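What follows is one structure encoded as structure tokens, with my remarks underneath.
Number of protein chains: 2
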Amino acid sequence: MLAVQNIINDVRSQGDAAVVDYTNRFDGQNYTNAEAFRVSPDRLKASWDELSPELQASLKTTKARIEAYERSILYQDMIGEEISYVYHPLEVAGFYIPGGKALYPSTVLMTVVPALVAGVTNFVVTTPVFADTSITFAALYLCGVTDNVFAIGGAQAIAAMAYGTETIPQVDKICGPGNAFVAMAKRLVNGDVAIDAIAGPSEILLYVDDSIPVDAIVYDIFAQAEHDQAARTFLLCESQSFADKIAARIEALLPTQKRRDIIQASITNNHYSIVDTREHLIAILNEIAAEHVSIQHRDQDEIVAQVQYAGAVFKGYYAMEAIGDYVAGPSHVLPTGGTARFSHGLTSNDFRTANAVINIQHATYDQIAPAGELLAEAEGLYAHQASIAIRKAESPYDEK
Amino acid sequence: MLAVQNIINDVRSQGDAAVVDYTNRFDGQNYTNAEAFRVSPDRLKASWDELSPELQASLKTTKARIEAYERSILYQDMIGEEISYVYHPLEVAGFYIPGGKALYPSTVLMTVVPALVAGVTNFVVTTPVFADTSITFAALYLCGVTDNVFAIGGAQAIAAMAYGTETIPQVDKICGPGNAFVAMAKRLVNGDVAIDAIAGPSEILLYVDDSIPVDAIVYDIFAQAEHDQAARTFLLCESQSFADKIAARIEALLPTQKRRDIIQASITNNHYSIVDTREHLIAILNEIAAEHVSIQHRDQDEIVAQVQYAGAVFKGYYAMEAIGDYVAGPSHVLPTGGTARFSHGLTSNDFRTANAVINIQHATYDQIAPAGELLAEAEGLYAHQASIAIRKAESPYDEK
Numbered sequence: 000m001l002a003v004q005n006i007i008n009d010v011r012s013q014g015d016a017a018v019v020d021y022t023n024r025f026d027g028q029n030y031t032n033a034e035a036f037r038v039s040p041d042r043l044k045a046s047w048d049e050l051s052p053e054l055q056a057s058l059k060t061t062k063a064r065i066e067a068y069e070r071s072i073l074y075q076d077m078i079g080e081e082i083s084y085v086y087h088p089l090e091v092a093g094f095y096i097p098g099g100k101a102l103y104p105s106t107v108l109m110t111v112v113p114a115l116v117a118g119v120t121n122f123v124v125t126t127p128v129f130a131d132t133s134i135t136f137a138a139l140y141l142c143g144v145t146d147n148v149f150a151i152g153g154a155q156a157i158a159a160m161a162y163g164t165e166t167i168p169q170v171d172k173i174c175g176p177g178n179a180f181v182a183m184a185k186r187l188v189n190g191d192v193a194i195d196a197i198a199g200p201s202e203i204l205l206y207v208d209d210s211i212p213v214d215a216i217v218y219d220i221f222a223q224a225e226h227d228q229a230a231r232t233f234l235l236c237e238s239q240s241f242a243d244k245i246a247a248r249i250e251a252l253l254p255t256q257k258r259r260d261i262i263q264a265s266i267t268n269n270h271y272s273i274v275d276t277r278e279h280l281i282a283i284l285n286e287i288a289a290e291h292v293s294i295q296h297r298d299q300d301e302i303v304a305q306v307q308y309a310g311a312v313f314k315g316y317y318a319m320e321a322i323g324d325y326v327a328g329p330s331h332v333l334p335t336g337g338t339a340r341f342s343h344g345l346t347s348n349d350f351r352t353a354n355a356v357i358n359i360q361h362a363t364y365d366q367i368a369p370a371g372e373l374l375a376e377a378e379g380l381y382a383h384q385a386s387i388a389i390r391k392a393e394s395p396y397d398e399k
Numbered sequence: 000m001l002a003v004q005n006i007i008n009d010v011r012s013q014g015d016a017a018v019v020d021y022t023n024r025f026d027g028q029n030y031t032n033a034e035a036f037r038v039s040p041d042r043l044k045a046s047w048d049e050l051s052p053e054l055q056a057s058l059k060t061t062k063a064r065i066e067a068y069e070r071s072i073l074y075q076d077m078i079g080e081e082i083s084y085v086y087h088p089l090e091v092a093g094f095y096i097p098g099g100k101a102l103y104p105s106t107v108l109m110t111v112v113p114a115l116v117a118g119v120t121n122f123v124v125t126t127p128v129f130a131d132t133s134i135t136f137a138a139l140y141l142c143g144v145t146d147n148v149f150a151i152g153g154a155q156a157i158a159a160m161a162y163g164t165e166t167i168p169q170v171d172k173i174c175g176p177g178n179a180f181v182a183m184a185k186r187l188v189n190g191d192v193a194i195d196a197i198a199g200p201s202e203i204l205l206y207v208d209d210s211i212p213v214d215a216i217v218y219d220i221f222a223q224a225e226h227d228q229a230a231r232t233f234l235l236c237e238s239q240s241f242a243d244k245i246a247a248r249i250e251a252l253l254p255t256q257k258r259r260d261i262i263q264a265s266i267t268n269n270h271y272s273i274v275d276t277r278e279h280l281i282a283i284l285n286e287i288a289a290e291h292v293s294i295q296h297r298d299q300d301e302i303v304a305q306v307q308y309a310g311a312v313f314k315g316y317y318a319m320e321a322i323g324d325y326v327a328g329p330s331h332v333l334p335t336g337g338t339a340r341f342s343h344g345l346t347s348n349d350f351r352t353a354n355a356v357i358n359i360q361h362a363t364y365d366q367i368a369p370a371g372e373l374l375a376e377a378e379g380l381y382a383h384q385a386s387i388a389i390r391k392a393e394s395p396y397d398e399k
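Chains as they are written, first to last, in numbering that gives the first Met the number 0: chain P, 0 to 399; chain A, 0 to 399.
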């Protein structure tokens with residue numbers, strides 16, 4: 000924690016010079032100045048042009064579905080006679096796009112598109128991608144984000160977005176996953192700027208009936224397991240015989256998986272249970288409050304209606320998590336480790352802020368002022384009382 | 000920070016015993032066990048019965064107005080054909096109600112009523128009030144919160160709610176202001192449970208025209224200043240002569256104020272400016288993003304329409320902040336220190352969580368699966384690809 004705090008302090012006090020220094024030291028670059036890590040609009044466009052037409056079409060389909068969904072849930076201003084509640088997009092949104100072992104253009108779409116739908120117009124993106132072109136850059140180009148993209152990563156990138164440097168604009172909120180240093184830096188700057196969440200290991204809770212094809216569920220488990228070694232699955236089923244079939248097919252299919260090393264490690268985190276009653280099932284679902292809850296069961300409508308706490312609920316055989324990770328629409332940035340009990344997945348509304356506008360009229364003032372005065376007095380806040388009381392005279396200007 | 004972390008660790012490992020111990024040590028109590036700090040329903044009722052009918056009526060008026068407003072802004076489920084977004088109240092909400100130099104029943108109403116409107120049914124309240132009866136207890140009684148009220152405070156109260164003890168139920172979210180130890184404890188448990196926000200010193204930005212009665216504005220400034228020594232006002236006006244009048248009346252009226260010592264100390268934090276252009280004004284408003292923005296000006300409609308970032312906006316002479324602190328309706332728990340640029344005041348919606356329910360049908364699956372498969376492959380997540388691809392066979396059960 001101290002090391003990360005030192006990086007943040009250095010970026011705050013020395014700006015670009017510290018970002019250059021830490022990036023050269025930790026990421027093996029030879030940047031001489033901050034302009035060297037700016038990703039030009041040309042590089043972003045070249046990344047897009049380089050993609051196959053099929054992959055371009057897939058990214059466009061995904062973007063369109065995310066947009067349509069996010070528009071459908073975007074809050075509308077509540078305009079009341081005397082009190083309104085109004086929304087405003089954040090002025091500047093910052094994104095951290097991981098770029099280590101793998102590149103995740105889907106994460107670009109799942110974080111940037113909600114911000115676009117919210118009405119955000121100023122974007123800052125940091126990503127530790129040092130290649131000339133990349134599918135991450137291509138996804139940014141598709142989103143129209145071509146200014147203020149910087150090929151930097153780690154805690155120094157988070158600090159630069161939180162406090163700004165000569166080159167990197169200060170943002171109001173930082174979104175996106177990262178490694179342990181990134182997560183710690185986000186935790187430390189939280190409050191000075193907003194952050195989306197601190198993501199823990201990914202998890203899925205599957206509840207399936209005995210009629211579901213075993214191999215489909217095995218691939219759902221493998222899909223969860225291939226993320227990283229800390230990923231895990233809670234599999235709830237109705238009979239031991241079905242659980243045994245799953246176990247047997249996991250063993251049979253594992254050796255054929257391309258990411259079998261990661262899968263083999265992470266499936267040791269899995270929990271398999273037989274659930275006897277519906278009450279027990281619902282209690283488990285809401286207690287675990289898993290990031291992904293996948294219900295593939297003849298009674299799925301009834302069960303899902305009782306789920307209160309989940310990152311996202313995937314109902315039915317054709318709504319497996321993997322399709323939700325890419326093209327269903329809702330963001331795949333979801334609360335983990337039971338935090339769905341009190342937090343929700345990223346949406347367009349998370350890129351807005353809101354405030355009440357209170358416009359009490361003279362007649363209403365006359366009705367409610369006595370209550371306000373009495374409470375102020377009871378709390379010993381006498382100037383509050385006077386500030387209310389003094390307005391018993393007429394209004395100074397032409398107000399209803 | 001270390002001291003607070005130690006308190007939290009002790010409460011986590013030793014439960015009630017640590018809460019009793021710290022409360023006796025820091026708050027001068029002689030509790031022998033945890034039942035000693037439970038506030039009985041009888042004590043809560045006695046506190047209510049003891050209030051004057053006028054004060055009871057004032058609390059009821061306030062509660063009714065908060066309820067009406069919060070209902071008007073409560074989010075409704077979005078039920079889509081294949082994707083829905085649904086809300087659920089938090090299972091257990093926790094409240095910290097300060098009880099030091101003064102008692103603030105308005106804070107009880109401004110935090111508990113939004114949770115009631117959200118549909119929360121389980122409440123835990125901690126408050127360092129050790130009297131037999133109090134107006135804080137009365138406000139809780141009015142809200143129907145009579146179980147799990149505990150007369151404890153400080154970091155140990157926050158830790159007890161965050162992790163639970165034998166006597167104090169674990170909560171999902173902790174709301175309410177407190178001293179520096181409480182604020183630090185909230186910061187440290189954040190993530191294990193949700194917290195509302197870390198409140199900084201209170202502030203107001205006033206923009207007034209020259210026709211507003213000078214004394215009304217002076218009392219608005221005093222009302223802000225009487226909170227505590229760190230409170231502050233930004234006063235923006237149109238002419239030096241008006242600013243001079245304000246300064247003269249502050250000097251004249253200060254000696255007559257009951258809380259003059261606090262006021263005298265905190266008005267030294269104030270900033271007074273003459274604003275020349277509308278553009279300049281709007282830029283200042285959105286840059287400062289004050290907790291309270293009070294616009295009392297002949298062009299107030301036009302100006303307020305351009306405010307993007309504020310804790311709450313008070314428009315007009317009869318919507319002074321003091322009335323908003325008590326009876327307007329919106330919660331007075333608001334973001335401070337510029338954090339309104341990325342966060343909002345407490346509402347009923349903050350006591351709910353939400354999740355998408357994704358129910359992709361077979362026909363939609365056929366349309367979007369290829370895009371999902373291609374992106375999974377591009378990201379090297381081959382089991383994701385297989386989990387999507389394997390469902391090209393027929394559905395196992397009767398699903399549309």
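Heads up, the beta-carbon is just placed ideally off N, CA and C, and yes, glycines get one too. Computed from a predicted model, the values in this text were never measured in an experiment.
Legend entry - the region 324-333 of chain P in contact with the region 267-283 of chain P per 3-pair CB rule at 8 Å: no
Inset, instruction - Rank 354/P, 395/P, 320/P and 367/P by C-alpha distance to the C-alpha of residue 69/A and give the top, closest one. - result: For the purposes of this step, residue 69/A is identified with residue 70 of the second sequence, where counting begins at 1. Ranking 354/P, 395/P, 320/P and 367/P by Cα distance to residue 69/A puts 354/P first.
Legend entry - Closest residue to residue 42/P among 55/P, 210/P and 131/P (Cα-Cα distance): Within the first sequence, the letter at position 43 stands for residue 42/P. Comparing Cα positions, the closest option is 131/P.
Inset, instruction - Determine, using beta carbons only, whether residue 0/P comes closer than 8 Å to chain A. - result: Here the question's residue 0/P lines up with position 1 in the first sequence. No, residue 0/P lies away from the interface with chain A (no Cβ there is under 8 Å from its Cβ).
Inset, instruction - Check the Cβ of residue 341/A against every Cβ in chain P and list those closer than 8 Å, keeping chain order. - result: Along the second sequence, one-based indexing puts residue 341/A at 342. Simply 89, 171, 172, 192, 193 and 352.
Inset, instruction - Using the DSSP secondary-structure output, state which residues sit across from residue 172/A in a beta bridge. - result: The residue given as residue 172/A occupies position 173 in the second sequence. DSSP, once it has assigned bridges, lists 92/A and 193/A as partnering residue 172/A.
Inset, instruction - State buried or exposed for residue 153/P, treating a residue as buried only when at least 16 other CB atoms are found within 10 Å of its CB. - result: Residue 153/P sits at position 154 when you count from the first residue of the first sequence. Buried.
Inset, instruction - Take residue 272/P and list the residues in its own chain whose beta-carbon comes closer than 6 Å to its own, dropping the five residues that flank it on each side. - result: For the purposes of this step, residue 272/P is identified with residue 273 of the first sequence, where counting begins at 1. Excluding positions up to five away in sequence, the list reads 235.
Legend entry - Cut-off 7 Å between Cβ atoms - residues of its own chain near residue 239/A, not counting five sequence neighbours on either side: What you label residue 239/A is simply residue 240 of the second sequence in a count that begins at 1. So the list reads 273, once near-sequence residues are dropped.
Legend entry - For residue 120/P and residue 128/P, believed in contact at Cβ under 8 Å, the rounded distance: As a working mapping, residue 128/P is identified with position 129 in the first sequence. As a working mapping, residue 120/P is identified with position 121 in the first sequence. Actually they are not in contact, since the Cβ atoms of residue 128/P and residue 120/P sit about 24 Å apart, beyond 8 Å.
Legend entry - Rounded separation between residue 21/A and residue 6/A - CA only: If you number the second sequence from 1, residue 21/A lands on position 22. If you number the second sequence from 1, residue 6/A lands on position 7. Between residue 21/A and residue 6/A, the C-alpha separation is close to 8 Å.
Legend entry - Beta-carbon proximity of residue 81/A to residue 367/A, cut-off 8 Å: Locating residue 81/A in the second sequence gives position 82, counting from the first residue. Locating residue 367/A in the second sequence gives position 368, counting from the first residue. Contact flag unset, no.
Legend entry - C-beta contact flag for residue 102/A and residue 372/P at 8 Å: Here the question's residue 102/A lines up with position 103 in the second sequence. Here the question's residue 372/P lines up with position 373 in the first sequence. Not a contact, by the Cβ cut-off of 8 Å.
Legend entry - Complete alpha helix (DSSP H) runs within the region 300-370 of chain A (minimum length 4 residues, chain order): Those alpha helix (DSSP H) runs which fall completely within the region 300-370 of chain A and span 4+ residues are 320-325.
Legend entry - For residue 85/A, the residue or residues it bridges with in DSSP: Here residue 85/A is taken as the residue at index 86 of the second sequence, counted from 1. Partner(s): 354/A.
Inset, instruction - Figure out for me which residue from 51/A, 256/A, 117/A and 105/A has the closest Cα to the Cα of residue 76/A. - result: In the second sequence, counting from the first residue as 1, residue 76/A sits at position 77. The shortest Cα separation from residue 76/A among 51/A, 256/A, 117/A and 105/A belongs to 117/A.
Legend entry - Burial state of residue 88/P (16 or more Cβ within 10 Å): Walking along the first sequence from the start, residue 88/P turns up at place 89. Buried: at least 16 other Cβ atoms inside 10 Å.
Legend entry - Members of the region 252-275 of chain P near chain D, C-beta cut-off 8 Å: Among the chains of the structure shown, chain D does not appear; the protein chains present are P and A.
Inset, instruction - Would you kindly work out how many angstroms separate the C-alpha atoms of residue 399/P and residue 205/A, rounded to a whole number? - result: Taking the first sequence and counting its residues from 1, one reaches residue 399/P at position 400. Taking the second sequence and counting its residues from 1, one reaches residue 205/A at position 206. Residue placement at residue 399/P is flagged as unreliable, the pLDDT there being 45, under the threshold of 50; the coordinate-derived value follows with that caveat. Rounded to whole angstroms, residue 399/P to residue 205/A spans 20 Å at the Cα level.
Legend entry - Local conformation of residue 399/P per DSSP, three classes: In the first sequence, residue 399/P corresponds to position 400, counting from 1. Because residue 399/P sits at a pLDDT of 45, beneath the cut-off of 50, its placement in the model cannot be relied upon, and the point is left open.
Legend entry - Inter-residue CB distance, residue 58/P and residue 141/P (contact presumed, cutoff 8 Å): Stepping through the first sequence from its first residue, residue 58/P is reached at position 59. Stepping through the first sequence from its first residue, residue 141/P is reached at position 142. Right, their Cβ atoms sit about 5 Å apart.
Inset, instruction - Give the interface partners of residue 314/A over in chain P, defined as CB-CB distance under 8 Å, in chain order. - result: In the second sequence, counting from the first residue as 1, residue 314/A sits at position 315. Under a criterion of Cβ atoms nearer than 8 Å, the residues of chain P adjacent to residue 314/A are, in order, 356, 357 and 358.
Legend entry - Under 9 Å from the C-beta of residue 331/P: neighbouring residues of chain A: The residue given as residue 331/P occupies position 332 in the first sequence. Neighbours of residue 331/P on chain A: none; closest Cβ ~10 Å, over 9 Å.
Legend entry - Contacts of residue 371/P in chain A (Cβ-Cβ under 7 Å): Stepping through the first sequence from its first residue, residue 371/P is reached at position 372. Those are 321, 322, 325 and 326, listed as they occur along chain A.
Legend entry - Three or more C-beta pairs below 8 Å linking the region 45-64 of chain P and the region 172-184 of chain P: Output reads no: the region 172-184 of chain P does not touch the region 45-64 of chain P.
Inset, instruction - Would you kindly report the start and end of the unbroken alpha helix (DSSP H) that includes residue 285/P? - result: Start at 1 with the first residue of the first sequence, and residue 285/P comes out as number 286. Annotation: the continuous alpha helix (DSSP H) that includes residue 285/P extends over 277-287.
Legend entry - Three-way DSSP call (helix, strand, coil) for residue 206/A in this model: By one-based count along the second sequence, residue 206/A stands at place 207. In the three-state reduction of the DSSP assignment, residue 206/A falls in the strand class.
Legend entry - Own chain, CB closer than 8 Å to residue 183/A, minus 5 neighbours either side, in chain order: Walking along the second sequence from the start, residue 183/A turns up at place 184. Here the set comprises 0, 3 and 154.
Inset, instruction - Check residue 55/A in the structure and name its three-state DSSP category. - result: On the second sequence, position 56 is the one that residue 55/A refers to. Correct three-state label for residue 55/A: helix.
Legend entry - C-alpha gap between residue 216/A and residue 18/A, whole angstroms: Locating residue 216/A in the second sequence gives position 217, where the first residue counts as 1. Locating residue 18/A in the second sequence gives position 19, where the first residue counts as 1. CA-CA distance, residue 216/A to residue 18/A, rounds to 45 Å.
Legend entry - Residue burial classification, residue 27/P (beta-carbon count within 10 angstroms, cutoff 16): Numbered from 1 along the first sequence, position 28 holds the residue referred to as residue 27/P. Residue 27/P should be labelled exposed.
Legend entry - Residues within the region 94-116 of chain P neighbouring chain A, beta-carbon criterion of under 8 Å: 101, 102, 103, 104 and 105
Legend entry - Any C-beta of chain P under 8 Å from that of residue 283/A: Counting from one through the second sequence, the residue named residue 283/A turns up at place 284. So no, residue 283/A is outside the interface.
Legend entry - Reference residue 37/A, options 252/A, 165/A, 268/A and 233/A, closest by Cα: Residue 37/A sits at position 38 when you count from the first residue of the second sequence. With distances taken between Cα atoms, residue 37/A lies closest to 165/A.
Legend entry - residue 219/A and residue 248/A closer than 8 Å at C-beta: On the second sequence, residue 219/A is found 220 positions in, with the first residue counted as 1. On the second sequence, residue 248/A is found 249 positions in, with the first residue counted as 1. The Cβ-Cβ distance between residue 219/A and residue 248/A does not fall below 8 Å.
Inset, instruction - Could you check what DSSP says for residue 139/A in three-state terms: helix, strand or coil? - result: As a working mapping, residue 139/A is identified with position 140 in the second sequence. In the structure shown, residue 139/A sits in a helix (DSSP, three-state: H, G or I).
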